[in-house]
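In the UniProt record's numbering, each residue carries its 1-based index in the sequence shown increased by 15. Ideal placement from N, C-alpha and C gives every residue a C-beta, glycine not left out.
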Amino acid sequence: TSNNNNNSMLASVTCTAPVNIATIKYWGKRDENLILPLNSSLSGTLHQDDLKTTTTAVASESFEEDALWLNGKKEDVNSVRYQNVLKTIRSRATKLMDKKHFVHICSINNFPTAAGLASSASGYACLVYVLAQLYGVEGDVSSIARLGSGSACRSMFGGFVKWEMGTKADGSDSIAVQVAPESHWPDMNIIVLVVNDKKKETSSTDGMQRSAQTSAMMKERCATTVPERMVTIERAIQEHDFQTFGDITMKDSDDFHEVCATTDPPIYYLNDTSRYIMNLIHRYNKLAGSVRCAYTFDAGPNACIYLPQESVAEVLSLFLKHFPAGEGVQNYYRGTDEVFAKVNDYQPPKNMHTLYTPEVTFPNSLKYILHTRVGPGPRILSDSESLINLETGLPK
Ligand code: DP6
């Protein structure tokens with residue numbers, strides 16, 4: 016309904032931001048409004064070639080309101096988190112504030128939100144990145160992304176990223192810091208097994224609040240387990256030590272789900288397929304005699320598997336054998352053709368034969384299998400890639 020013309024348009028920016036998957040999980044807040052965590056956490060950033068959010072923000076004097084479209088649908092801009100983000104950005108602006116204006120924002124994911132992949136992390140990271148450009152916000156902006164969704168602050172950088180919990184009441188030291196850029200460990204691959212599951216889960220926000228209040232495991236987790244793991248995993252990343260990295264990643268995922276199970280009432284995010292995957296990975300690593308791949312599960316049944324290049328063909332072929340595509344399923348394997356060809360040609364060594372029982376397969380247990388890598392942080396695109404028609408101020 017805005018009557019816009021180009022003369023009243025003040026500025027326009029389009030950006031992309033990645034998804035991240037934690038290897039040390041964030042679970043529990045000490046401040047619900049500022050989204051300050053009870054423990055530090057650490058994640059890998061997934062490559063945006065495969066999973067990303069794209070967001071355009073346009074400021075104009077002729078817009079009549081702030082407006083937001085997510086995946087084509089107009090959304091409410093009055094949520095507390097969205098308003099906290101917008102207010103903080105505007106309070107730190109070095110541009111635009113001398114002119115009365117409103118902002119139109121349009122955001123899309125290149126992956127289905129229904130898949131249960133962390134869309135709030137890439138979504139808020141992209142929103143904050145784009146607004147920080149638009150308003151000329153200087154200094155750390157990960158603490159603003161944190162106000163949208165805690166895990167979003169880790170999507171403000173590529174490679175491996177830690178979220179330092181901080182100690183200050185105003186949250187100014189609760190920020191994301193890059194531990195290593197994506198170029199540091201190019202050998203690191205990621206496989207996401209998107210599990211078929213219709214059940215509605217407990218949201219992370221509700222779940223972690225209940226765990227903080229009721230799980231007896233939380234105290235030790237926050238006081239000693241996680242602080243020790245943060246030091247060890249950071250060193251493992253610096254030293255390219257996959258054994259330690261993988262071991263801690265699986266342990267922290269297991270502990271996180273144990274915290275959920277000891278919450279009152281209990282929360283269960285994993286299903287039979289998730290547990291089968293965990294078991295298979297442990298059997299595989301045991302036969303191989305070393306940690307060849309490591310699983311981690313967030314607040315849902317999907318598996319995210321970190322693994323070095325040398326394990327990719329073997330592990331992918333293992334999963335494709337156990338979880339073949341269901342009949343008529345298109346686009347089941349999502350990755351490069353080059354890797355897929357290697358997977359098809361792969362002949363398992365003798366000691367691995369006990370892992371393959373051709374009679375035991377589970378078609379339709381997975382929606383799809385994605386092969387990706389650790390990738391870069393948010394990017395600025397040119398105006399030609401804007402999601403908003405700069406003449407009308409509305410989504411294209
Ligand atoms: C299990 O960041 O989605 O994925 O801060 O309430 O928005 P809010 O929660 P959110 O929680 C993510 C929890 C997790 C672990 C992690 O990503 O560290």
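For residue i and residue j, which I take to be in contact (beta-carbon distance under 8 angstroms), what is that distance rounded to the nearest angstrom?
| i | j | result |
| --- | --- | --- |
| Lys44 | Leu51 | 6 angstroms |
| Gly186 | Asp46 | 7 angstroms |
| residue 3 | Gly350 | Nothing about residue 3 can be reported from this structure: the residues present for the chain run from 16 to 411 only. |
| Trp200 | Ile263 | About 15 angstroms separates the two Cβ atoms, so there is no contact after all. |
| Ser55 | Lys183 | Wrong, their Cβ atoms sit about 14 angstroms apart, outside the cutoff. |
| Ile190 | Ser158 | 5 angstroms |
| Ile384 | Phe334 | 6 angstroms |
| Phe312 | Tyr284 | 7 angstroms |
| Pro378 | Ala340 | 7 angstroms |
For residue i, which residues of its own chain have a beta-carbon under 6 angstroms away from its beta-carbon, when the five flanking residues on both sides are left out?
| i | result |
| --- | --- |
| Met232 | Val274, Thr277 |
| Phe257 | Pro323 |
| Pro364 | none |
| Asn99 | Leu162 |
| Ser332 | Val358, Tyr361 |
| Ser23 | Ser75, Glu76, Ser77 |
| Arg96 | Gly163 |
| Leu320 | A small fix is needed here, since residue 320 is Ile in this sequence, not Leu. Only Ile206, Cys308, Tyr310 meet the Cβ criterion. |
| Val92 | Asp81, Leu83 |
Using CA atoms only, rank isn't needed, just tell me which of the options is closest to residue i.
| i | options | result |
| --- | --- | --- |
| Leu149 | Val28, Val354, Val327 | Val28 |
| Arg388 | Ala32, Ser158, Asp202 | Asp202 |
| Val194 | Lys213, Arg225, Leu132, Thr60 | Thr60 |
| Tyr68 | Thr264, Trp84, Ser56 | It should be noted that the sequence gives Thr, not Tyr, for residue 68. Of the candidates Thr264, Trp84, Ser56, the one whose C-alpha sits nearest the C-alpha of Thr68 is Trp84. |
| Gly173 | Ala136, Ser158, Phe271, His62 | His62 |
| Ser226 | Trp42, Thr38, Leu25, Pro196 | Trp42 |
| Lys266 | Val246, Val241, Glu254 | Val241 |
| Leu101 | Met24, Phe126, His386, Val156 | Val156 |
| Glu374 | Tyr383, Lys336, His386, Ser399 | Lys336 |
| residue 416 | Gly304, Leu381, Lys382, Lys215 | Absent from the model: residue 416. The displayed extent of the chain is 16 to 411, so no value can be given. |
| Asp188 | Leu49, His116, Arg107 | Leu49 |
| Cys237 | Asn300, Met180, Lys89 | Met180 |
| Arg161 | Ala26, Val192, Gln345 | Val192 |
| Val152 | Gln345, Pro196, Lys114, Thr103 | Thr103 |
| Glu400 | Ser23, Asp65, Ala72 | Ala72 |
| Val118 | Arg96, Asp81, Asn93, Lys110 | Asp81 |
| Asp342 | Leu381, Gln228, Glu243, Ala314 | Before going on, a small fix: residue 342 reads as Glu here, not Asp. Closest option to Glu342, Cα to Cα, is Leu381. |
| Arg244 | Phe338, Asp398, Ser268, Arg307 | Ser268 |
| residue 415 | Ser94, Gly154, Ile120 | The question about residue 415 has no answer, for the chain in this structure spans 16 to 411. |
| Val53 | Lys214, Ser198, Ile120, Glu235 | Sequence inspection shows Leu at residue 53; the Val mentioned does not correspond to that position. Closest by alpha carbon: Glu235. |
Below 8 angstroms CB to CB, which residues in the same chain sit around residue i once its five sequence neighbours on both sides are set aside?
| i | result |
| --- | --- |
| Asn19 | Interpretation of Asn19 is limited by its pLDDT of 47, a score under 50 that renders its predicted location unreliable; no figure is taken from the coordinates. |
| Gly87 | Ile123, Pro410 |
| Ile248 | Thr38, Ile39, Leu57, Thr259, Phe260, Ile263, Thr264 |
| Ala136 | Val34, Asn35, Ser164, Ser166, Ala167, Arg169, Ser170 |
| Met112 | Arg105, Tyr150 |
| Glu90 | Leu83, Trp84 |
| Leu132 | Val34, Leu66, Phe126, Val207, Val209, Asn317 |
| Asp64 | Thr387, Gly390 |
| Leu302 | Asn366, Met367, Thr369, Leu370 |
| Val354 | Val327, Ala328, Leu331, His386 |
| residue 412 | A query on residue 412 cannot be resolved here, the shown segment of the chain reaching from 16 to 411 and no further. |
Return the chain-ordered list of same chain residues with a C-beta closer than 7 angstroms to the C-beta of residue i, the five sequence neighbours on each side being excluded.
| i | result |
| --- | --- |
| Ser230 | Val274, Thr277, Thr278 |
| Arg298 | Leu370 |
| Cys30 | Thr70, Cys141, Tyr144, Val145, Gln148, Pro393, Arg394, Ile395, Leu396 |
| Ser17 | Since pLDDT at Ser17 reaches only 44, below the 50 mark, its modelled position is unreliable, and the value read off the structure follows with that caveat. The residues are Ser77, Phe78, Glu79, Gly408. |
| Met293 | Tyr310 |
| Asp212 | Asn286, Pro316 |
| Phe271 | Lys40, Trp42 |
| Gly138 | Thr68, Ser122 |
| Ser289 | Val210, Phe312, Pro316, Ala318 |
| Thr372 | none |
| Thr217 | Ile282 |
| Lys114 | Leu25, Glu76 |
| Ser219 | Ala314 |
| Pro196 | Gly173, Gly174 |
Between residue i and chain D, is the shortest Cβ-Cβ distance under 8 angstroms, so that the two count as touching?
| i | result |
| --- | --- |
| Trp42 | Considering every chain present, this structure includes no chain D. It has just one protein chain. |
TODO: Count the CB pairs spanning the stretch 202-222 and the stretch 326-339 that are closer than 8 angstroms, and state whether there are at least three.
DONE: yes
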